[in-house]
Amino acid sequence: MSAVFDHVEFDHHERIIFAHDHQTGLRAIIGIHSTFLGPAAGGVRMANYTSMDDALTDVLRLSRGMSYKNALAGLPLGGGKAVLIGNPKTDKTPELMRALGRAIEGLSGRYLAAEDVGMTLADMEEIALETSHVFGRDPKAGFGGEPSPMTALGVLLSIKTCVRRFMGRDDLGGVRVAVQGAGAVGADLARQLGQEGADVLIADVDPARAQAAAAATGGQVVSVEDVLFADVDVLAPCALGAILNDTTIPALRTKIVCGAANNQLAEPRHGLALAERGILYGPDYVVNAGGIINVAYEVSGNYDAARVIEHIQRVPKTLERIFEEAADEGLTPDVVADRMAQRLIGQS
Ligand code: NAI
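With the working numbering, letter number 315 in the sequence shown gets 309, and the count goes up by one each step, no holes.
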């Protein structure tokens, strides 16, 4: 067990649960980082991790990120995350989902699950057959549904905040934005950017998705290789984590990085590397909080989309406070955001 406590990403996590079910082949890790502000809420991610250590690293980083995200979004929720080890295209069965549901139920509401990469609304309904501690469920039944449109809205408002601060402009007319990933969030973000008059470049490893998103926005498809290095005003990463690293940062040609992907900085020091290149970075977990805000209203038992949107409209204020403090103290926005969050969860 010392390997877990000594893990480089272990950071005051309250509990780490390794869940296994022989019959279904369930192998999952549930990380509960903090319940200081409320039950630990965060998505379930299913991925074909190459090693158990990769899965553990992911769950530790993501669950801490959820603590910080929920705290800075002003939600009465702590931070947690679950990773399900397996290929979401070939290994998923209803029985596997139900086994995960039983593991979540065993935590008696300390962990509240929602959808993340590799999971669908249908999967959440399957999990819900075994536990009531699951959210992001079918809107037809009065739940909040897919959180991604709300995530995209929060990213759009954050991009506008960054553009106002860095470019002194209140509108996005003609602002060039490169979106990496035309999935649930990226495609919706591209659509909203298009409506605001931005020039959108979009890329996806699935060319059909990129084509469809570009067609819906009047945008342009660019290659997966080029999207990060396009000559743009804003880069909006909406696919993978760790894309801001020693290789990519020196080659970026953007003024601003502001997107939905979790854990965009490969390592904390890359926040400074961006600042040294004069690039403004909107800390990912502040920018992408729209989805969990949606979930939080569902958890409250009183889901109301209008109130969710009202809450998301507070994200720019938080971002502005972070940028102000960072400028005043000569720190980077990611460091200031972490510090604010640590104070809010009693870990400073
Ligand atoms: P998704 O799985 O629907 O979309 C991701 C897209 O990225 C897919 O279309 C995939 O083909 C594409 N992609 C993968 N590798 C790529 C690459 N190298 N270059 C270009 N495209 C690539 O996921 P979703 O829900 O849109 O989430 C996107 C990101 O935002 C993820 O990092 C997720 O963790 C994060 N996020 C999502 C939230 C949500 O509400 N869905 C909430 C907060 C964060």
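Cβ atoms here follow ideal geometry from the backbone N, Cα and C, with glycine treated the same way. On a predicted model such as this, the values are computed, not experimentally measured, just so you know.
Residue i lies in the alpha helix (DSSP H); which residues open and close that run?
| i | result |
| --- | --- |
| isoleucine 121 | 115 to 121 |
| serine 61 | 46 to 66 |
| glutamine 344 | In the structure as shown, the chain starts at -5 and stops at 342, and residue 344 therefore has no counterpart that could be examined. |
| glutamine 336 | 327 to 338 |
Does the distance from the C-beta atom of residue i to that of residue j stay below 9 Å?
| i | j | result |
| --- | --- | --- |
| alanine 116 | threonine 18 | no |
| aspartate 110 | glycine 59 | no |
| aspartate 198 | glycine 175 | yes |
| alanine 107 | isoleucine 23 | no |
| valine 228 | phenylalanine 129 | no |
| alanine 192 | valine 216 | no |
| leucine 123 | leucine 20 | no |
| arginine 39 | glutamate 3 | no |
| aspartate 278 | asparagine 256 | yes |
| proline 310 | glycine 265 | no |
| alanine 172 | valine 226 | yes |
| tyrosine 62 | glycine 74 | no |
Going by C-alpha to C-alpha distance, which of the options sits closest to residue i?
| i | options | result |
| --- | --- | --- |
| leucine 69 | Glu323, Gly324, Asp328 and Gly284 | Gly284 |
| threonine 242 | Ala224, Ala254, Asn256 and His27 | Ala224 |
| threonine 155 | Tyr275, Ala299, Arg271 and Pro244 | Tyr275 |
| proline 141 | Leu183, Val169 and Val216 | Leu183 |
| alanine 209 | Val226, Val221 and Gln189 | Gln189 |
| alanine 260 | Pro277, Gly235, Leu266 and Ser102 | Gly235 |
| serine 102 | Gln258, Asn282 and Ile26 | Ile26 |
| glycine 177 | Ala230, Arg131 and Ala245 | Ala230 |
| alanine 41 | Asp5, Thr211, Gln307 and Thr51 | Thr51 |
| alanine 49 | Asn296, Gly73 and Leu78 | Leu78 |
| glutamine 341 | Glu8, Asn81 and Phe(-1) | Glu8 |
| aspartate 15 | Thr326, Gly95, Leu266 and Ser61 | Gly95 |
| cysteine 232 | Cys252, Lys83, Ile303 and Met118 | Cys252 |
| tyrosine 105 | Phe160, Val179, Ile153 and Ser28 | Ser28 |
| alanine 67 | Phe(-1), Tyr297 and Leu313 | Leu313 |
| isoleucine 303 | Met144, Asp47 and Gly112 | Met144 |
Can you tell me whether residue i sits near the ligand PLP, meaning its C-beta is under 8 Å from at least one heavy atom of the ligand?
| i | result |
| --- | --- |
| threonine 145 | Judged by which ligands are present, the ligand PLP is missing from the structure shown, whose ligands are the ligand NAI. |
Please indicate yes or no: does the CB of residue i lie closer than 8 Å to some heavy atom of the ligand NAI?
| i | result |
| --- | --- |
| arginine 203 | yes |
| glutamate 109 | yes |
| aspartate 198 | yes |
| serine 142 | yes |
| isoleucine 286 | yes |
| glycine 138 | no |
| cysteine 252 | no |
| valine 221 | yes |
| alanine 255 | yes |
| glycine 235 | yes |
| valine 38 | no |
| valine 218 | yes |
| valine 302 | no |
| valine 309 | no |
| glutamine 186 | no |
| asparagine 239 | no |
| alanine 176 | yes |
| glycine 74 | no |
| cysteine 232 | yes |
| valine 2 | no |
Return the first residue and the last residue of the beta strand (DSSP E) that residue i is part of.
| i | result |
| --- | --- |
| lysine 75 | 72 to 79 |
| tyrosine 43 | Where tyrosine 43 is concerned, there is no enclosing beta strand (DSSP E), given that its DSSP letter is neither H nor E. |
| phenylalanine 12 | 9 to 15 |
| glycine 25 | 20 to 28 |
| proline 82 | From DSSP, proline 82 is part of no beta strand (DSSP E); its letter is neither H nor E. |
| arginine 159 | Premise fails: arginine 159 lies in the alpha helix (DSSP H), 142 to 161, not in any beta strand (DSSP E). |
| leucine 229 | 228 to 231 |
| alanine 172 | 170 to 174 |
Are the C-beta of residue i and some C-beta of chain C separated by less than 9 Å?
| i | result |
| --- | --- |
| glycine 139 | Going by chain labels, chain C is absent from the structure shown, which holds only one protein chain. |
For the segment 190 to 214, list the alpha helix (DSSP H) runs that are entirely contained and at least 4 residues long, ordered along the chain.
201 to 211
Can you list, in chain order, the stretches of the alpha helix (DSSP H) that have 4 or more residues and sit fully within the segment 265 to 296?
278 to 281 and 284 to 293
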